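Student: For our numbering, count along the first sequence from 1 and bump the result up by 344. Beta carbons are placed, not taken as given, at the ideal position from N, Cα and C, and that holds for glycine. Keep in mind it's a predicted model, so treat the numbers as computed, not measured. Before anything else, here's the structure in question.
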Amino acid sequence: MNHDIFTLQRSVCGSIQEAADSLGAGDIKATLERPKDKSHGDFATPIAMLLAKKLKTSPMAIVQDLLQKTRLDPGLILKAEAAAPGFINFKIQPTVYYSGLENTLSQEKLFGSNDQLKNQKLLLEFVSANPTGPLNIVSARAAALGDSIANLLEASGADVSREYYVNDAGVQARLFGESLLAACERLGGKNTSAPENGYQGAYMEDLGRTYLALANRPEAGFWGMDQIIQWHKKSLESYGVSFNKYFSEKKELHDTGLVRQTIELLKKGGLTYEQEGALWIKVSNFGSPKDEVIVKSDGQPAYFVADIAYHLNKFKRGFNRVVDIWGPDHHGHILRMKSALRALGCPVDDFAVLIAQQVNLMEGSEKVKMSKREGKFVTMDELLEQVGRDAARFFFVMRSANSHLDFDIAVAKKQTDENPVFYIQYAHARICSLLRRCEESGLRPARKAAEFVSLVEPESFLLLKEIMEYPQWVVESGKAYEPHRIVAYLQALAGYFHVFYAKHRILDAPQETARARLSLALGVKTVLGNALGLLGVSAPEKM
RNA sequence: GCGCCUGUAGCUCAGUUGGAUAGAGCGACAGAUUCCGAAUCUGUAGGUCAGAGGUUCGAGCCCUCUCAGGCGCACCA
Numbered sequence: 345m346n347h348d349i350f351t352l353q354r355s356v357c358g359s360i361q362e363a364a365d366s367l368g369a370g371d372i373k374a375t376l377e378r379p380k381d382k383s384h385g386d387f388a389t390p391i392a393m394l395l396a397k398k399l400k401t402s403p404m405a406i407v408q409d410l411l412q413k414t415r416l417d418p419g420l421i422l423k424a425e426a427a428a429p430g431f432i433n434f435k436i437q438p439t440v441y442y443s444g445l446e447n448t449l450s451q452e453k454l455f456g457s458n459d460q461l462k463n464q465k466l467l468l469e470f471v472s473a474n475p476t477g478p479l480n481i482v483s484a485r486a487a488a489l490g491d492s493i494a495n496l497l498e499a500s501g502a503d504v505s506r507e508y509y510v511n512d513a514g515v516q517a518r519l520f521g522e523s524l525l526a527a528c529e530r531l532g533g534k535n536t537s538a539p540e541n542g543y544q545g546a547y548m549e550d551l552g553r554t555y556l557a558l559a560n561r562p563e564a565g566f567w568g569m570d571q572i573i574q575w576h577k578k579s580l581e582s583y584g585v586s587f588n589k590y591f592s593e594k595k596e597l598h599d600t601g602l603v604r605q606t607i608e609l610l611k612k613g614g615l616t617y618e619q620e621g622a623l624w625i626k627v628s629n630f631g632s633p634k635d636e637v638i639v640k641s642d643g644q645p646a647y648f649v650a651d652i653a654y655h656l657n658k659f660k661r662g663f664n665r666v667v668d669i670w671g672p673d674h675h676g677h678i679l680r681m682k683s684a685l686r687a688l689g690c691p692v693d694d695f696a697v698l699i700a701q702q703v704n705l706m707e708g709s710e711k712v713k714m715s716k717r718e719g720k721f722v723t724m725d726e727l728l729e730q731v732g733r734d735a736a737r738f739f740f741v742m743r744s745a746n747s748h749l750d751f752d753i754a755v756a757k758k759q760t761d762e763n764p765v766f767y768i769q770y771a772h773a774r775i776c777s778l779l780r781r782c783e784e785s786g787l788r789p790a791r792k793a794a795e796f797v798s799l800v801e802p803e804s805f806l807l808l809k810e811i812m813e814y815p816q817w818v819v820e821s822g823k824a825y826e827p828h829r830i831v832a833y834l835q836a837l838a839g840y841f842h843v844f845y846a847k848h849r850i851l852d853a854p855q856e857t858a859r860a861r862l863s864l865a866l867g868v869k870t871v872l873g874n875a876l877g878l879l880g881v882s883a884p885e886k887m
């Protein structure tokens, strides 16, 4: 029988739960955790300490009771023992891990995929950069985060739609159009500058040149924004990120009348009032610190109401989970968005906003000054040119999204041990090199659990366990929207492999051992490749 | 003034949703290769988890307050 981590844990948890229920656990649930100290065993449950209060007995007494009553599958559990102050530690049968490896090898590229989130239909909106200029560093971070999160969720069986909201309406669109025309006039020799709060820079003149060369010129603003979105698409493509849908604010919210309908809906719900010629929404009744304008005194809808319409539309499209990744300058927007959705009766608990915090570009200990004039790494393309896709994607998901990130370009560029992405890729390349040698000598990896019995060293078991637990890491980091957990996992796995490799010979061990160790290495390679794939980072065969 | 994020080793950061003796990488120092890739491995040093209270069997994690840094608080988007 092939074991996977989920059935293993379900089985052990179930046994404990049965025993706990018979003692009167009520609603206390059995959980398993990995002890930090590996000498404590493979899994542990702290349930006795939770039961102690309810049952008014000492935790250790409950542990004894539980051990008596728990009917563990001897095919799975080698040993269960009490440990102060009230843990039960489990040691898993080695054969379980052997069959886990067999499972890994047979699933290959699919290993890690699971159906834990198969009921989720999720919309993930990210990047959504204003179509007024090239993508910047924070967009690059959001793109790496969003795509990795989507990959993780999909690997757990969720149905994920990646969406990019295009802010192509309102004052911004008008200003952009005027800026483009001003750029065109400059190209014609006039001294016209962009309007106040408009856009300038070399890219506007590039755009102007293309525009002037057109035979029939469409309206400048929308044409230009469309061009810039094409740039964004291209940058994102070379970054390995693609979207199911680019959602145009103008075409899908304004032109369709959705914004107007949303305003009517709010009015009918008694959620608005007029003041100083503008229409306000009463979000302060729903948790927001202050009310907001939704129709300006010039009669134009404000950005906020379009965004409300957009989020209503998301839920109407049948997603049971709606997640946005926003930039750090939008965190103040979260509360009012949630308030508005709450006011309209949307399931706010199914709506989450992640903030991709700011990025400080560093060159060693020097902070890179972000100056468009000096042309210093302000765009995502420039960063990619400098450090490459692998390092960029890896560095952006290496840390949790809401920590401010110091991105050291000097380190990311280095192909040395200072650069963490190489440590992991090197492990993969090393294994590939082993496999190439085997091909020459005709040595074949073993495939069946029974052939792995020579894997007995602690270093082997560290790897066997880590490999087997991989699908659970996929689920957990996906559910938490935290791809950095997978990075941590990868670093540990690669580390365990390097230690194993330094300590044990593989190819020139006795043949049976050699074949088993080769299988172990192949398992590590499989997981490294799959996990790096989820992060959008390549797993090179040679470096 | 109000709100959000952050504060853990010299530096950059983890800490598996409250569990056992706080971890990793880099940097520093000392070592390891006649042998499968040394982009590796082994060891040493390095901590008042910003501070003070509280909650409980148990707190880096939860609550309150204080301090420090960052970012928001437009009829811009």
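Could you give the DSSP three-state label for residue 600: helix, strand or coil?
Tutor: Counting from one through the first sequence, the residue named residue 600 turns up at place 256. Correct three-state label for residue 600: coil.
Student: Do residue 593 and residue 513 have their beta-carbon atoms positioned less than 8 Å apart in this structure?
Tutor: In the first sequence, residue 513 corresponds to position 169, counting from 1. In the first sequence, residue 593 corresponds to position 249, counting from 1. It is a contact, given that the beta carbons lie within the stated cut-off.
Student: Tell me, which residues are paired with residue 669 by DSSP?
Tutor: Start at 1 with the first residue of the first sequence, and residue 669 comes out as number 325. BP columns for residue 669 point to 698.
Student: Threshold first: 3 residues or longer. Then list the beta strand (DSSP E) segments lying entirely within the segment 498-552, N to C.
Tutor: The segment 498-552 contains these whole beta strand (DSSP E) runs: 503-510.
Student: Does the beta-carbon distance from residue 627 to residue 607 come in below 8 Å?
Tutor: Residue 627 sits at position 283 when you count from the first residue of the first sequence. Residue 607 sits at position 263 when you count from the first residue of the first sequence. No, Cβ-Cβ distance for residue 627 and residue 607 is not below 8 Å.
Student: Check whether the segment 596-605 and the segment 545-563 are in contact - that is, three or more C-beta pairs closer than 8 Å.
Tutor: As far as the Cβ criterion goes, the segment 596-605 does not touch the segment 545-563, which means the pair count is below three.
Student: Measure the Cβ-Cβ separation of residue 637 and residue 485 and say whether it is below 8 Å.
Tutor: In the first sequence, residue 637 corresponds to position 293, counting from 1. In the first sequence, residue 485 corresponds to position 141, counting from 1. The answer is no: Cβ separation not under 8 Å.
Student: Starting from residue 619, follow the alpha helix (DSSP H) in both directions and report where the run begins and ends.
Tutor: Mapped onto the first sequence, residue 619 falls at position 275. No alpha helix (DSSP H) holds residue 619; the beta strand (DSSP E) holding it covers 616-619.
Student: Using a Cβ-Cβ cutoff of less than 7 Å, which residues in the same chain neighbour residue 746 once the five nearest sequence positions on both sides are dropped?
Tutor: In the first sequence, the residue the question calls residue 746 occupies position 402. Same-chain partners within the cutoff: 699 and 701.
Student: Just mark residue 515 as buried or exposed, buried being the case when its beta carbon has 16 or more other beta carbons within 10 Å.
Tutor: Indexing the first sequence from 1 puts residue 515 at position 171. Under this definition residue 515 is an exposed residue.
Student: Could you give the distance in angstroms between the alpha-carbon of residue 886 and the alpha-carbon of residue 741?
Tutor: The residue labelled residue 886 in the question sits at position 542 within the first sequence. The residue labelled residue 741 in the question sits at position 397 within the first sequence. Distance between the alpha carbons of residue 886 and residue 741: 24 Å.
Student: Could you name the residues of the same chain whose beta carbon sits closer than 8 Å to that of residue 631, not counting the 5 residues immediately before and after it, in chain order?
Tutor: Looking up residue 631 in the first sequence gives position 287. Cβ within range, chain order: 679, 682, 683 and 686.
Student: Hey, quick one: how far does the beta strand (DSSP E) through residue 749 stretch, first residue to last?
Tutor: By one-based count along the first sequence, residue 749 stands at place 405. Note, residue 749: beta strand (DSSP E), 749-752.
Student: By Cβ distance below 7 Å, which residues in the same chain neighbour residue 675 in space, the five residues on each side in sequence not counted?
Tutor: The count along the first sequence starts at 1 and reaches residue 675 at position 331. If we look at residue 675 and ignore the five residues flanking it on each side, its Cβ neighbours are 699.
Student: Give, in chain order, every unbroken run of the beta strand (DSSP E) that is at least 3 residues long and sits entirely within the segment 363-415.
Tutor: Complete beta strand (DSSP E) runs here, min 3: 387-389.
Student: Just the C-alpha distance for residue 716 and residue 689, rounded to the nearest angstrom, thanks.
Tutor: Indexing the first sequence from 1 puts residue 716 at position 372. Indexing the first sequence from 1 puts residue 689 at position 345. Residue placement at residue 716 is poorly supported in this model, since its pLDDT is 49, which falls under 50; the coordinates still yield a value, given next. So the two alpha carbons sit approximately 44 Å from each other.
Student: Where do the ends of the alpha helix (DSSP H) carrying residue 648 lie?
Tutor: Along the first sequence, read from residue 1 onward, the residue named residue 648 stands at position 304. That run of the alpha helix (DSSP H) goes 647-660.
Student: State the CB to CB distance for the pair residue 860 and residue 787, rounded to an integer number of angstroms; the pair is presumed to be in contact (CB under 8 Å).
Tutor: Position 516 of the first sequence, counting from 1, holds the residue named residue 860. Position 443 of the first sequence, counting from 1, holds the residue named residue 787. Not quite, the Cβ-Cβ distance comes to about 11 Å (not below 8 Å), so this is no contact.
Student: For the candidate residues 412, 642, 691 and 481, whose alpha-carbon lies nearest to that of residue 705?
Tutor: Taking the first residue of the first sequence as position 1, residue 705 is located at position 361. Closest option to residue 705, Cα to Cα, is 481.
Student: Using DSSP with H/G/I as helix, E/B as strand and the rest coil, what is residue 704?
Tutor: Taking the first residue of the first sequence as position 1, residue 704 is located at position 360. The answer is strand: DSSP assigns residue 704 an E or B state.
Student: What did DSSP end up calling residue 476 once you bin it into helix, strand or coil?
Tutor: Against the first sequence, residue 476 aligns to sequence position 132. If DSSP states are grouped into helix, strand and coil, residue 476 belongs with coil.
Student: Could you check whether residue 372 and residue 364 sit closer than 8 Å to each other, using their CB atoms as the reference points?
Tutor: Walking along the first sequence from the start, residue 364 turns up at place 20. Walking along the first sequence from the start, residue 372 turns up at place 28. Closer than 8 Å, so yes.
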